[in-house]
Amino acid sequence: FSLPTITYVILLSCRWIGILALYTVHKGQFNCPGGGLLHSYLLVLLILLASIICALSALVYISMQGTISNPGPRKSLPKLLYTRLLLYVPEFIWAVVGAVWVSDSSVHCEKTVINVVIGTVIASWVIIIFTIIGVVIVFDPLGGKKTFYLTDSVNRNLESSQSGQLLYNVKNTATRVWEKRIRLLCCCIVQDDDHRVAFTSIAELFRTYFSDTDLVPSDIAAGLTLLHQEQDKMESCPKEPEEVLCHSPSSLVMDDLDIELENAAHYMLFAAAAYGWPYYIYTNPFTALCKLNGDCCGNRPTDSDITGGDRHNFHFGSILKITGLQYRDFIHISFHNKIYEIPFFVALDHKKEAIVVAVRGTLSFEDVLTDLSADCEDLTLEDVLENGFVHKGITQAANYIYQKLINDGILNQAFTIAPEYKLVIVGHSLGGGTASVLAGMLRVPTLRCYAFSPPGGLLSKSLADYTKHFIVSVIVGKDLVARLSMPNMEDLKRRIVRIVTNCNRPKYQILLRGCWYEVFGGDPDNFPTELDGRSQDALTQPLLAEESLMVHRSPSYNALEDESHLNSPPPYPHLYLPGKIIHIVEESSSRRLCSSDIKYTARWSNERVFSNILISPKMVTDHMPDVVLKALNSLSQDRGSCISCQTR
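Mapping to the UniProt record's numbering: the sequence shown position 398 is 398, numbers consecutive.
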């Protein structure tokens, strides 16, 4: 409560000072018909606001006491919250009275005085409305039911029909709550049966993930900033000699890496081009519209088979500009976009003598729903003896493109035009994952796939090993998406719970110190812990997530005392990145006045490197397609210059 309440107190204090100044300036101008009513309104409003500010100030002071895992000093917080809630009643009543008085035709005061009072009335209603919206957003409809839901099911007598039915009802309620939230977020898109199925599936996923904890957003923010500092502290430690030696590659492996990096830099253009005009304008903000103007005003090309909405030819014009291809080089372009149905294009790449299938990444609400449909689905391939698991949403998107390519004869048309060309499938993010699954479905001898920043929870171990023969994944830095999988998310939740529970600093200090560290840098914190040397009974029962985590021993908190839960069957199957993995990391960077010069290095990696989520300001930017393309181009240029130097 401390940081948002401080902000609210500052705003209310500014408002109170403003009303007091206006009241003082216009104090002698209320001697008019109805002026006494307005005078009384302002005077009572000042007293009411002063009372609210005092209550909020006390709320701030109490909320700053204790730590996340020791809320004993904050035991009077509920009473203060109820006091503030009661003050909303006179605040609302006085806002209604003010609106009635201002609109009263019998009031004949100076226009300035009327405007001042109108301003205060409007401000009152704005604050009330935004407060109601905030309460609706953060309100948890489960309430006390979660206490039953969070307790360890082993300690519950769920064999009785009454207890089992109660747990079933609570789970259904939690699922419906998440489903309503998702529907509210997606209210702007047309919803059909596929959307409703996806909403339910995603709601089940969120309900399961948050079922054993009640972490509030500020707890998560505090945990992330502490994890970032802990991670930076560990990275600054010198590596063991054996760890350094194991990364020394042979010359044969380096030659193979150079070839793949050169190919990846070339095909990344196609993966980026699949995003269309949003990517082109993002990377050319000042000149893109001027360059596209001529193409967009021209006639729609008839050589290519184009489906979907591109009324002004913006998407296709951007694809032409990014790839440098001609109209006649495109076999099929689809801008059709629904849930599980994502845009793609098929083109002839004469430079590499390849038929390129480029799949677009996440760019719409429908794509986000496809990403979040993260249930596992069986996928059986003839060349793989063991049945594998795959990401459900991405597999359905790959199946949609597969049906288009095969049933609509798009691939046959392409190979009829260029029978000697090889097939290359590329994509970034969601497109990279879809391209990988699609490559597994297609059985073409010369097929290659380049997946740029694909999601980590994509293929089971057997399928991931099988795809190493024809798929290359390219990951930059600490990319979050490449590490996203349900086991990794469970591990992140467990680490957040561990570090925020053990830290002995108040949450507001953690957040302020974290903001300073993220913006200005400095030395990581030392992480003193509260549980060191103290019995757990000495801690007062927590108010939030820690009640379930500490008292009821949820799976997240068990990690604080033992690792026995690691030997139990995982709640989610482990899914991995596809194919062979090239990991690109920053070697050094030098910042100048208007630009930055970043040096990259690349090496072959394995799926174990991406078995946990790394916290960093670059965890999102490292995923962006322009950053991936920049890193690949930089490596290609550096290696090209090295080769030219050696030949002299």
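Beta carbons are placed, not taken as given, at the ideal position from N, Cα and C, and that holds for glycine.
Give the straight-line distance between the Cα atoms of residue i and residue j, rounded to the nearest whole angstrom.
| i | j | result |
| --- | --- | --- |
| residue 42 | residue 26 | 11 Å |
| residue 265 | residue 632 | 5 Å |
| residue 256 | residue 579 | 15 Å |
| residue 485 | residue 458 | 8 Å |
| residue 196 | residue 220 | 29 Å |
| residue 69 | residue 207 | 24 Å |
| residue 602 | residue 260 | 11 Å |
| residue 447 | residue 387 | 22 Å |
| residue 258 | residue 186 | 44 Å |
| residue 551 | residue 494 | Reliability of the predicted coordinates at residue 551 is poor, the pLDDT of 41 falling under 50, and the value obtained from them is presented with this limitation in mind. Those two C-alpha atoms are separated by around 16 Å. |
| residue 268 | residue 426 | 8 Å |
| residue 464 | residue 577 | 7 Å |
| residue 377 | residue 364 | 23 Å |
| residue 281 | residue 366 | 22 Å |
| residue 194 | residue 174 | 21 Å |
| residue 318 | residue 291 | 9 Å |
| residue 509 | residue 11 | 22 Å |
| residue 409 | residue 353 | 20 Å |
| residue 472 | residue 236 | 30 Å |
| residue 504 | residue 7 | 24 Å |
| residue 608 | residue 222 | 27 Å |
Thinking C-beta only, is residue j closer than 9 Å to residue i?
| i | j | result |
| --- | --- | --- |
| residue 476 | residue 620 | no |
| residue 231 | residue 611 | no |
| residue 356 | residue 405 | no |
| residue 5 | residue 59 | yes |
| residue 416 | residue 396 | no |
| residue 343 | residue 359 | yes |
| residue 453 | residue 625 | yes |
| residue 440 | residue 361 | no |
| residue 112 | residue 514 | no |
| residue 379 | residue 444 | no |
| residue 487 | residue 394 | no |
| residue 442 | residue 411 | yes |
| residue 114 | residue 22 | no |
| residue 180 | residue 211 | no |
By the 10 Å Cβ neighbour count, where 16 or more other Cβ atoms means buried, how is residue i classified, buried or exposed?
| i | result |
| --- | --- |
| residue 89 | exposed |
| residue 469 | exposed |
| residue 2 | buried |
| residue 188 | exposed |
| residue 637 | exposed |
| residue 348 | buried |
| residue 516 | exposed |
| residue 403 | exposed |
| residue 599 | exposed |
| residue 271 | buried |
| residue 278 | exposed |
| residue 182 | buried |
| residue 91 | buried |
Return helix, strand or coil for residue i, following the three-state DSSP convention.
| i | result |
| --- | --- |
| residue 513 | helix |
| residue 442 | coil |
| residue 597 | strand |
| residue 266 | helix |
| residue 428 | strand |
| residue 91 | helix |
| residue 106 | coil |
| residue 223 | helix |
| residue 610 | helix |
| residue 420 | coil |
| residue 629 | helix |
| residue 404 | helix |
Leaving out five residues before and five after residue i in sequence, what residues of the same chain have Cβ atoms less than 6 Å from its Cβ?
| i | result |
| --- | --- |
| residue 307 | 334 and 336 |
| residue 84 | 55 |
| residue 341 | 400 |
| residue 372 | 202 |
Identify, in the order they occur along the chain, each residue of the same chain with its Cβ nearer than 8 Å to the Cβ of residue i, setting aside the five sequence neighbours on each side.
| i | result |
| --- | --- |
| residue 351 | 266 |
| residue 105 | none |
| residue 73 | 62, 65 and 66 |
| residue 533 | Residue placement at residue 533 cannot be trusted, given a pLDDT of 44 that sits under 50; what the coordinates show is reported in the next sentence. Within the same chain, residue 533 has no close Cβ partners at all. |
| residue 20 | 46 |
| residue 209 | 486, 489, 490 and 493 |
| residue 467 | 436, 439, 440, 449, 459, 578 and 579 |
| residue 51 | 87 |
Please go through the same chain and pick out, in chain order, the residues whose beta-carbon is closer than 7 Å to the beta-carbon of residue i, but skip the five residues on each side of it.
| i | result |
| --- | --- |
| residue 325 | 347 |
| residue 204 | 175 |
| residue 413 | 331 |
May I ask whether a heavy atom of the ligand PLP can be found less than 8 Å away from the beta carbon of residue i?
| i | result |
| --- | --- |
| residue 4 | The ligand PLP is not part of the structure shown, which contains no ligands of any sort. |
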